[in-house]
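Colleague: Numbering (this note's numbering), first residue to last: 5 to 399.
Backbone N, C-alpha and C define an ideal beta-carbon position, used for all residues, glycine too.
First the structure, which I've put down as structure tokens, then a few questions once you've had a look.
In structure tokens form, the structure reads like this:
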């Protein structure tokens, strides 16, 4: 089959780490540890597993981070190279899988839990906290925190992949593939909203208005009793979508502290040779970007004793505010079965706002992967909801 494969290349990874942030185009050129290959179809010959044919697979910020070398070496122990990326997947079953017949269209919960690995449930999986699985390097599979990071299962950036029944969620009738590809990232946003600890009337800051930030805004508005939701957005369409998805205020990145200070009555301090910060501020801040600037903005705009939620994979940042203002800093990774996240996400994706957003999904065949990655890096500026691969296409 045809697939895009990420492989180990120290020189390319270091090149991406050195200049990928300043020159994203290198990630679709010489510096990308990615190649188009013909390989054997992945197959896991164990009970509950089946082969799937990919229909669409999204390009996520974590994929771009891995290709650029921005991903921390912390994760090197929970992947197995070479692997086919792609964890946002809409696919159809090529064979029966327990109660799901051949031909069923599904979306994939990518976390490779104890059930998928054929081992006794760890404490987290037994409690339904499947995103916290403690067995992601053992069992009959190679290490891999998710589908799309494990060499045995394949990923959505290939024409076929393998998945376990526990990962599969049937797509409702009437959903387009473009709608369905949004279910997994919206499920992650559902987990973010439920983990944020928002109380009735809380002021919430969402730093970032890419797909992660927009979906977090939607989930916060629909699933919590948040009061004001202030969204940080760069581009015109992002600002418009943020309001549609539930933001009460939309601010430019350079205006965040001033606007939060005005809304909350906080005091702004100006330290020497460092960024300003507030005494006072929002109750909860969600960092939906993962950059040094977005994380520090979230920390600097949150009141003492408030909560900062890491929804984007975080970059190194100054954590002084977390210590000095006694902030709760919590991570949100993937989605948990205990949240019923995929069912809630499916309901949210069925709303008019998300249906309209799905019409902006851009898809590319595998052989145009350089164009696709370039587009994904500029998706916010170009107003694209999601960039995805369609491995069936040759155009």
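Does the count of Cβ pairs from the segment 58-65 and the segment 157-169 closer than 8 Å reach three?
Modeller: Yes: the two stretches touch, three or more of their Cβ pairs being nearer than 8 Å.
Colleague: Look up residue 149 in the DSSP assignment and say whether it is helix, strand or coil.
Modeller: In the structure shown, residue 149 sits in coil (DSSP, three-state: anything other than H, G, I, E or B).
Colleague: For residue 373, count neighbouring C-beta atoms within 10 Å of its own C-beta (all shown protein chains included) and say buried if the count is 16 or more, exposed if not.
Modeller: Buried, by the Cβ-count rule.
Colleague: Do you know offhand how far residue 303's Cα is from residue 48's?
Modeller: Taking the straight line joining both Cα atoms gives about 44 Å.
Colleague: If we count Cβ pairs, one from each stretch, closer than 8 Å, do we get three or more for the segment 378-392 versus the segment 133-152?
Modeller: No contact exists between the segment 378-392 and the segment 133-152.
Colleague: In chain order, what residues of the same chain lie with their CB nearer than 6 Å to the CB of residue 228, ignoring the 5 residues before and after it?
Modeller: Cβ neighbours of residue 228 beyond the five flanking positions: 197, 202.
Colleague: Compute the Euclidean distance between the alpha carbons of residue 324 and residue 41, then round it to the nearest angstrom.
Modeller: Cα-Cα distance, rounded: 46 Å.
Colleague: Which partner residues of residue 110 appear in the DSSP bridge assignment?
Modeller: For residue 110, which the question treats as bridged, DSSP gives the partners 95, 174.
Colleague: To test your reading of the DSSP string, which unbroken alpha helix (DSSP H) runs of 4 or more residues are found completely within the segment 178-250?
Modeller: DSSP runs (the alpha helix (DSSP H)) wholly in the segment 178-250: 181-184, 187-199, 215-227, 240-248.
Colleague: So residue 231 and residue 207 are in contact, right, with Cβ under 8 Å, and what is the actual spacing, rounded?
Modeller: Residue 231 to residue 207, Cβ: 6 Å. Contact.
Colleague: Just verifying my parser: in three-state terms, what is the DSSP assignment at residue 253?
Modeller: Strand, per DSSP.
Colleague: Relative to the alpha-carbon of residue 296, which residue among 37, 285, 307, 279 has its alpha-carbon at the smallest distance?
Modeller: Answer by Cα proximity: 279.
Colleague: Going by the beta-carbon positions, is the gap between residue 313 and residue 204 smaller than 8 Å?
Modeller: No, Cβ-Cβ distance for residue 313 and residue 204 is not below 8 Å.
Colleague: Rounded to whole angstroms, what's the CA-CA distance from residue 333 to residue 301? Just pull it up for me.
Modeller: C-alpha separation (whole angstroms): 13 Å.
Colleague: Among all the DSSP beta bridges, which residues are the ones paired with residue 42?
Modeller: According to DSSP, residue 42 bridges with 6.
Colleague: Could you compute how far the alpha carbon of residue 136 sits from the alpha carbon of residue 129?
Modeller: Whole-angstrom Cα-Cα distance: 7 Å.
Colleague: Roughly how many whole angstroms lie between the Cα atoms of residue 39 and residue 87?
Modeller: Looking at the two C-alpha atoms, the distance is approximately 11 Å.
Colleague: What is the residue span of the alpha helix (DSSP H) that residue 304 lies within?
Modeller: Where residue 304 is concerned, the enclosing alpha helix (DSSP H) stretches over 296-304.
Colleague: Indicate whether the contact test is met: 3 or more Cβ pairs, each with one atom in the segment 287-296 and one in the segment 270-278, closer than 8 Å.
Modeller: The segment 287-296 vs the segment 270-278: no contact.
Colleague: Check whether the Cβ atoms of residue 5 and residue 89 lie closer than 8 Å to each other.
Modeller: In this structure, residue 89 does not lie closer than 8 Å to residue 5 by Cβ.
Colleague: May I have a chain-ordered list of the alpha helix (DSSP H) segments no shorter than 4 residues that lie completely inside the segment 307-378?
Modeller: Runs of the alpha helix (DSSP H) inside the segment 307-378: 324-328, 345-353, 356-362.
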